[in-house]
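See below for the structure under consideration.
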DNA sequence: CATTACGTTGACGTAAACGTCAACTTGGTT
DNA sequence: AACCAAGTTGACGTTTACGTCAACGTAATG
């Protein structure tokens, strides 16, 4: 299928799939979030790059800065092999988790309040 | 207690409580998110303003723009009393809910992936 | 009454995340 | 050869969300 390990994407390919601009993708690279292979001048994106991009956009939807997403992405790289690095990684994981749990909490409250409000509005509509 | 309906806050009061700057609070007002009473020049914030500010900051944590939070805030105002307005409100509610559910989904995936990664890192640490 | 604390309104500065040209190159297609 | 589509690298512009002075008002305090 299209998810096989050797699939390669062009920049406009990725842009279409994720509904973003090529400019954005190049910008992410300039910020150290992506580093695609090259074929002459042209960028070639691997399945790993695809996954990384997915991570970036998920981060964006959650209100993360690119710098934060970059940290998370680097966290997943196995290059950092000494203990200090690993422990820094674990700290980052904990931080991320706390932040996510705060967001989860915020969302639950929001959904509850929206429910209440929706009910009130519908009631108002019925009594018109 | 301090949650009684008549409690009034100064601007630096709110700034301290929410750990933001007075500049930010004034900015939110200039963007139409807050509209405190005045006593001469000075701004006086009611319990309603306090709640609105809480909503703004919750929106921020979830990555919303101030413009989006403003819409949500206006949604809660009972001033819009005709049917067209109400239906627009219901649309906004649905939109917000969809967005929140997408975020919820994103967060669940993130937490799962972090769990997996944490496990792998801890394993690596133990085998050092 | 002079100082200090707290507030006010401009006005300009800034970081992040791209958008938008402009001016090329390059690999096929007619 | 001529051309088009898709790609490239600058470089400058733009929006959002404030930060950071400056210059001033006002109220209470020593």
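Protein chains in written order, with the working numbering: chain L, 7 to 134; chain G, 7 to 134. Where is the CB? At the ideal position from N, CA and C, for every residue including glycine.
How would you label residue i, buried or exposed, when you count the other beta carbons within 10 angstroms and need 16 or more for buried?
i	result
residue 121 of chain G	exposed
residue 102 of chain L	buried
residue 62 of chain G	buried
residue 65 of chain G	buried
residue 134 of chain G	exposed
residue 118 of chain L	exposed
residue 100 of chain G	exposed
residue 97 of chain L	exposed
residue 8 of chain G	Residue confidence is low: residue 8 of chain G scores 47 on pLDDT, short of 50, so the model does not pin down where it sits. No coordinate-derived value is stated.
Looking at the secondary structure, which residues open and close the alpha helix (DSSP H) in which residue i lies?
i	result
residue 37 of chain G	Premise fails: residue 37 of chain G is in no alpha helix (DSSP H) and is neither H nor E.
residue 69 of chain L	Run containing residue 69 of chain L: none; DSSP gives neither H nor E here.
residue 19 of chain L	17-24
Identify the contact partners of residue i in chain G, using a Cβ-Cβ distance below 8 Å as the criterion.
i	result
residue 116 of chain L	64, 68, 102 and 106
residue 82 of chain L	123
residue 109 of chain L	67, 68, 109 and 113
For residue i, return the contacting residues in chain L, with the cut-off set at a CB-CB distance below 8 Å.
i	result
residue 20 of chain G	Within chain L, no residue comes near residue 20 of chain G; the closest Cβ sits about 19 Å away, beyond 8 Å.
residue 92 of chain G	127, 130 and 131
residue 72 of chain G	Within 8 Å Cβ-Cβ: nothing; residue 72 of chain G doesn't reach chain L, min ~13 Å.
Verify whether the separation of the beta carbon atoms of residue i and residue j is less than 7 Å.
i	j	result
residue 14 of chain G	residue 59 of chain G	no
residue 68 of chain L	residue 69 of chain G	yes
residue 136 of chain L	residue 11 of chain L	Residue 136 of chain L lies beyond the range of chain L shown here (7 to 134); nothing can be said about it.
Starting from residue i, find everything on chain G with Cβ-Cβ shorter than 7 Å and list it in chain order.
i	result
residue 112 of chain L	64, 67 and 68
In chain L, which residues lie with their C-beta within 7 Å of the C-beta of residue i?
i	result
residue 134 of chain G	89
residue 120 of chain G	99, 102 and 103
Since residue i is in the beta strand (DSSP E), which residue starts that stretch and which ends it?
i	result
residue 50 of chain G	48-50
residue 98 of chain G	Run containing residue 98 of chain G: none in the beta strand (DSSP E); it sits in the alpha helix (DSSP H), 89-132.
residue 43 of chain G	43-45
How would you list, in chain order, the residues of chain L whose beta-carbon sits under 9 Å from the beta-carbon of residue i?
i	result
residue 96 of chain G	124, 127, 128 and 131
Any chance the segment 114-128 of chain L sits against the segment 13-29 of chain G, with 3 or more Cβ pairs inside 8 Å? Short answer: they don't touch.
With contact counted as at least three CB pairs below 8 Å, one residue from each stretch, are the segment 88-108 of chain L and the segment 110-118 of chain G in contact? Contact annotation: the segment 88-108 of chain L touches the segment 110-118 of chain G, with at least three C-beta pairs closer than 8 Å.
Could you tell me whether the segment 71-85 of chain G touches the segment 33-52 of chain G, using the rule of 3 or more Cβ pairs below 8 Å? Because the criterion of three Cβ pairs below 8 Å is met, the segment 71-85 of chain G and the segment 33-52 of chain G touch.
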